[in-house]
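These protein sequence lines map, in sequence, to chains A, B and C. So the first sequence is numbered by our numbering: it starts at 46 and just counts up by one. So the second sequence is numbered by our numbering: it starts at 46 and just counts up by one. So the third sequence is numbered by our numbering: it starts at 46 and just counts up by one. One structure is given below, encoded as structure tokens.
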Amino acid sequence: MATTVEIRRKPAPFDGYHRKQTAEPDMSLCGVGRGTPGGEYLRRFWHPVAYLSELGELPLRVRALGEDLVAFRDGRGEVGVLHMRCCHRNTSLEYGIIEPRGIRCCYHGRLFDTDGTVLEIPGEPAEERMKASVSQGGYPTHVFAGIVFIYMGPPERIPVFPHLDRFDVPNVSLVPGVRLNLECNWVQIKENVLDPHHTNFLHTIPQRRGMQHFADEFESSVHFTFLEMPGGLAYMGSRKVRDNIWVRSAESYGANIHCISSIFENGHVPKAATAPFLTFWTLPVDDAVSVNFFISHVSENENMPFEKRRELEIFGQNDDRPYAERQFLPGDHDAQVGQGPINVHATEHLGSHDRGVTLFRQGIAAVERGEDPKGFYMKQEDVPPTFASDRVVPIAEVQGDPDDAKTVIAFAEKVGKDYLTEPPISVLKRDLGT
Amino acid sequence: MATTVEIRRKPAPFDGYHRKQTAEPDMSLCGVGRGTPGGEYLRRFWHPVAYLSELGELPLRVRALGEDLVAFRDGRGEVGVLHMRCCHRNTSLEYGIIEPRGIRCCYHGRLFDTDGTVLEIPGEPAEERMKASVSQGGYPTHVFAGIVFIYMGPPERIPVFPHLDRFDVPNVSLVPGVRLNLECNWVQIKENVLDPHHTNFLHTIPQRRGMQHFADEFESSVHFTFLEMPGGLAYMGSRKVRDNIWVRSAESYGANIHCISSIFENGHVPKAATAPFLTFWTLPVDDAVSVNFFISHVSENENMPFEKRRELEIFGQNDDRPYAERQFLPGDHDAQVGQGPINVHATEHLGSHDRGVTLFRQGIAAVERGEDPKGFYMKQEDVPPTFASDRVVPIAEVQGDPDDAKTVIAFAEKVGKDYLTEPPISVLKRDLGT
Amino acid sequence: MATTVEIRRKPAPFDGYHRKQTAEPDMSLCGVGRGTPGGEYLRRFWHPVAYLSELGELPLRVRALGEDLVAFRDGRGEVGVLHMRCCHRNTSLEYGIIEPRGIRCCYHGRLFDTDGTVLEIPGEPAEERMKASVSQGGYPTHVFAGIVFIYMGPPERIPVFPHLDRFDVPNVSLVPGVRLNLECNWVQIKENVLDPHHTNFLHTIPQRRGMQHFADEFESSVHFTFLEMPGGLAYMGSRKVRDNIWVRSAESYGANIHCISSIFENGHVPKAATAPFLTFWTLPVDDAVSVNFFISHVSENENMPFEKRRELEIFGQNDDRPYAERQFLPGDHDAQVGQGPINVHATEHLGSHDRGVTLFRQGIAAVERGEDPKGFYMKQEDVPPTFASDRVVPIAEVQGDPDDAKTVIAFAEKVGKDYLTEPPISVLKRDLGT
């Protein structure tokens, strides 16, 4: 209701009256709908829509990129993800009947294959002619590690589902996660992943308030380095811990894949690479709602019981905690949703550590020019390696003063360069003797 | 948020990206507000707003055709339905005090008669002058079979409340029903009634999934015939059942009356006409919400206990079942509400059996031309008979091959023509010897 | 959805079709946002946002004049009220950490003083330069009688918090109240306070329905007089009670202060002045939501136990009663919220007793001209006295026929004039010998 009032001035105490009061979000970046720049960019990638375990006897209503969909697994075991409203009279297929092959609308019995092809139009004299003229909108599906993915873009440019190097590490199994619901725009999640700075503030609040969460060492002073990698953008967070320099990297890969290293690493013991910890995919549900789907990479020799690990890895990531608890022990969910349904960049005041939207802004521009965006691959052999890992090196091996920021940052940049020659997963496999 | 993207093309597998993504509903048809074409059409008819049993000690807030109203029965037993907001300061009369005559606003005590006339303005020196210059908006009421109806159109063209022939059948009593709430536009309900096709698919799902609901014979192959009748549009659903041809008709009468025959009829025994089963009136609450009010026609000699019948006749018609149950055993409510708050006709792909909106489209056009619509009567003697019934005839009496669609449809058309000469209720009364 | 239909005509029975159906509220009066006429007017006054008792270990999210804010008390005991979204990345400070000095954002640890000054930007190399270029929007605070007030207007024209004469009455203590939530525009509350007429109708319903609330004498015939006073607008409600004339006054002071006399006074015993009973401040939360904050003035020698008094003084003022109870025993909350989220003045039909919006309409006009509005004071010595009280005088002392309206009104006007010479609180103190 309020008119936007813009007044720029030097800061003064009690300056609320002179601060910009409202502004609109940048929907060309944040919008996820068909026909918008951001929406067309997103439609060049595979998106998670459900865990396979959610597909049972009844159809599952889902929403992705602002579209209402229904997901199901038919009698053959084929997974279908179709437009929710039946192409006949628009009744929702969430009330449909799952058949040996395909799904049937509850209202008049039209039967659709998992690809949207019309198989039957009961009681219709002109059945064959009508079947040739209409289909139910549907999307190609791919099931990986217990997660159902769909591709919602132009069928003539369907990319390969990127099977990452970190999915194939010996003695590490992939365990599907749970839905992590966030009532905010997907860009806020993206920016959180590309924001190393918050890990040593937000994620250390639980420790400071008496709860075990991330390793304590996350709180120690850290230097950040951003690196463009073949598949996306990585950051290096580098610290001196005891007699080591610990370089932790995380990577945003393609439009919606996020590679995370262990939150329990403490940098005490030198190592060349660590096993993957989490991979998560962010689904933009619509302009103001998102869901993270994830897999845990679980090593055979983990010390922590899996139930405990799962509890800690989802702590603060979901909408299911009481408000007062979220106030006292806030997590990523609360910081991101706390920016509002769609964050208004125009009212931000960024510091040196804030980067990150550049990567997908470039991708949006590419799609608008009619090109494929960065992180888009038509063949599996083109899919580049990933770069999220931990490297811990004795100070003796680092040139320069280990208490000087320049030394630490220079070392992190060197690690990034070395990764381009031998990616962390290759290092890890070599160390494992595989 | 999403831009509407329109792409017409031949169907292909996984064609979701190329399907039209969004479109707006046709509000000139679906809109119910004052001053809209559909809203003015609807304002030429009597609408149900409450069951008489709902009017007790406190005023009842109701909503009809997008208007907030308050319904009450005063000390004289007179029913009033007035604009909800007091004409003085707009306070809601739902907090008003029901008086021996009329209703009094809680705020400053203005007293209104059931017709909206101002009876008292407490403490006002200029009381008589003000009473002559203002009234509370109100509508004429009519109570029938325990249901309160109002007429919201121009007072100079008030129609008769249509007392239908099917209300006066010997040994058949009228029992008021319950509110059936539907979170969708009224046109979806209208189309459902004029859609015979769904009865042999949607309504046979419960049987196929192990629950007794409609007679099993509804599932058998059926042929449909649409007939314009004096008061509205009737459809005939015709089947061969055992050694008979069973012709079942239902009728949409005027703007909002729906005449339904028994859902337990099975066509096993020849008969010329059956007693009425249900009559229901659809109230457009606002653009995206409707309520069905109904009466059960209960014969003296019914076999089924009334409680059981009532359970089966409202099964699937209301919003009160758990989501998973509605998914497994969907009913009319779920199919209609599943089309969305206001169905978008532009994204439908109709078949041969889809008709029905034509009738009220004609009515809307008539009102826009300044004429009375079809189904509008100023005198009771002009009210035509109704045509919902079952006729079961031995195959021997039908000319042609009873397994050929043409034979069955021709016979149904003949039954329709015969009904025009002798309507089913007349046949029934004659058979009953009355 | 409905088109506005405007038809003016003489009243007739059942005139609903011809009544204006919809209209828009007057947002230049009702709007509370920054940059709107009403919103700028409101920003010239102190507004309550929380009870001090609500500020504990965790930040408190509040909303005032359409702005999201966070209120807290830091380790020094200083109260801060800042814009809710952190000026860095817009994360909500409701998840912030209250520090010994100021509040720290949960996301990246920026620390803000209670006046919005940036105290720390952790990990930022350019910290000093950034601190000099940005601040968190904040507002000056004032704590009085357990209530936190803020001033949201231009810092160069900050008014004094008006310390009223009625706050300093010997042997009368001030007890903070509770939040009274009203889901409606603030103007409806304003008009209710300036509407003496409803007290002898709305507030006598509980009595007539068997519950003790206001004194019975409120129901007796009353005459009303409106008087412009130095700080606002007062009304006098004058009645003959037994052998006395009882003149009760209430005052709307400045933009949002309301002075109320006892609801238990009955006019039986002559007196020159009564102690204050309630003072409440109306906070416009946003265009369609308001909260009343109040203090009870509690005399040492009150008969009624405080718990009972508190129960009766908040009866009907809040949103916490069941709907049916509110229908049967409506209170101010129900009458005001019953006018809708934002009352539409265009559909009202006022009587002789309806006044009151004039005062703040004048104030809005003044602010639009660049002037200070009525009720705005830069110095405490300019703050005028208040005029809410009861005066009860034996009929023998009143000139004229005490049963004639003119006599009673003339006497009330004389009381008002006397108050200008010696305000009620002065009279009271004199009588108390202080």
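Built from N, CA and C at the ideal position, the CB exists for glycine as well.
Below 8 angstroms on the Cβ atoms is my contact criterion, and I expect residue i with residue j to pass it. Report the Cβ-Cβ distance as a whole number of Å.
i, j, result
"Leu105 (chain C)", "Leu87 (chain C)", "Wrong, their Cβ atoms sit about 21 angstroms apart, outside the cutoff."
"Phe269 (chain C)", "Gly282 (chain C)", "6 angstroms"
"Pro167 (chain B)", "His153 (chain B)", "7 angstroms"
"His342 (chain B)", "Phe322 (chain B)", "6 angstroms"
"Ile250 (chain C)", "Leu374 (chain C)", "6 angstroms"
Can you name, in chain order, every residue of its own chain whose Cβ lies under 7 angstroms from the Cβ of residue i, other than the five neighbours on each side?
i, result
"Ser344 (chain B)", "Asn216, Val217 and Ala320"
"Tyr422 (chain C)", "Pro204, Val205, Pro207 and Val428"
"Gly61 (chain C)", "none"
Apart from the five residues just before and just after residue i, which ones in its own chain have a Cβ nearer than 6 angstroms to its Cβ?
i, result
"Gly125 (chain C)", "Phe117 and Thr159"
"Cys151 (chain A)", "Tyr140 and Gly141"
"Pro93 (chain B)", "Ile192, Phe194, Trp326, Leu328 and Phe338"
"Ala318 (chain B)", "Ser434, Pro469, Val472 and Leu473"
"Asp446 (chain B)", "Thr452"
"Val389 (chain C)", "Ala68 and Pro70"
"Met46 (chain C)", "Only weak support is given to the placement of Met46 (chain C): the predicted model assigns it a pLDDT of 41, under 50, and the question is left unresolved by the model."
"Phe246 (chain B)", "none"
"Ala455 (chain B)", "none"
Go through its chain and collect everything with a Cβ distance to residue i's Cβ below 8 angstroms, but skip five positions before and after it.
i, result
"Gly385 (chain C)", "Cys229"
"Pro535 (chain C)", "The question about residue 535 (chain C) has no answer, for chain C in this structure spans 46 to 479."
Under the DSSP definition of a beta bridge, which residues are partnered with residue i?
i, result
"His131 (chain A)", "At residue 131 (chain A) the sequence reads Cys, which differs from the His that was named. Answer by DSSP bridge pairing: none, since Cys131 (chain A) is not bridged."
"Ala16 (chain A)", "In this structure chain A extends from 46 to 479, so residue 16 (chain A) is not present and cannot be described."
"Val193 (chain C)", "C:Ala95 and C:Val188"
"His378 (chain A)", "Per DSSP, none; premise fails for His378 (chain A)."
"Ile143 (chain B)", "B:Ile148"
"Gly125 (chain C)", "C:Phe117"
"Met274 (chain A)", "A:Gly277"
"Thr327 (chain A)", "A:Asn337"
"Asp435 (chain B)", "B:Arg293"
Among the options, whose alpha-carbon lies nearest the alpha-carbon of residue i?
i, options, result
"Arg211 (chain B)", "B:Val453, B:Ala433, B:Phe246 and B:Asn289", "B:Ala433"
"Ser297 (chain A)", "A:Gln233, A:Val472, A:Gly276 and A:Tyr62", "A:Gly276"
"Val286 (chain C)", "C:Val453, C:Leu323 and C:Ile166", "C:Val453"
"His482 (chain B)", "A:Gly161, A:Phe246, A:Leu219 and A:Gly383", "Residue numbering for chain B in the displayed model covers 46 to 479; residue 482 (chain B) lies beyond these limits and cannot be assessed."
"Thr67 (chain C)", "B:Asn135, B:Asp119, B:Ser98 and B:Thr244", "B:Asn135"
"Met274 (chain C)", "C:Pro251, C:Val267, C:Glu347 and C:Gly299", "C:Gly299"
"Gly383 (chain A)", "C:Trp91, C:Val115, C:Gly461 and C:Val77", "C:Val115"
"Phe189 (chain A)", "A:Val412, A:Gly120, A:Ile340 and A:Gly122", "A:Ile340"
"Cys75 (chain C)", "C:Ile234, C:Glu347, C:His243 and C:Glu264", "C:Ile234"
"His313 (chain C)", "C:Leu156, C:Val267, C:Glu172 and C:Ala260", "C:Ala260"
By the DSSP assignment, the alpha helix (DSSP H) with residue i in it spans what residues?
i, result
"Ile250 (chain C)", "Ile250 to Arg253"
"Arg118 (chain A)", "Run containing Arg118 (chain A): none in the alpha helix (DSSP H); it sits in the beta strand (DSSP E), Glu112 to Arg118."
"Pro82 (chain A)", "Pro82 to Leu87"
"Met175 (chain B)", "Glu172 to Lys176"
"Leu473 (chain B)", "Pro469 to Asp476"
"Leu465 (chain B)", "Ala450 to Thr466"
"Val238 (chain A)", "Trp231 to Val238"
Residue i lies in the beta strand (DSSP E); which residues open and close that run?
i, result
"Phe206 (chain C)", "No beta strand (DSSP E) holds Phe206 (chain C); DSSP gives it neither H nor E."
"Lys285 (chain C)", "Gly277 to Val286"
"Cys304 (chain C)", "Ile302 to Ile305"
"Phe338 (chain B)", "Val334 to Ser344"
"Ser73 (chain A)", "Careful: Ser73 (chain A) lies outside any beta strand (DSSP E), inside the alpha helix (DSSP H) at Met72 to Cys75."
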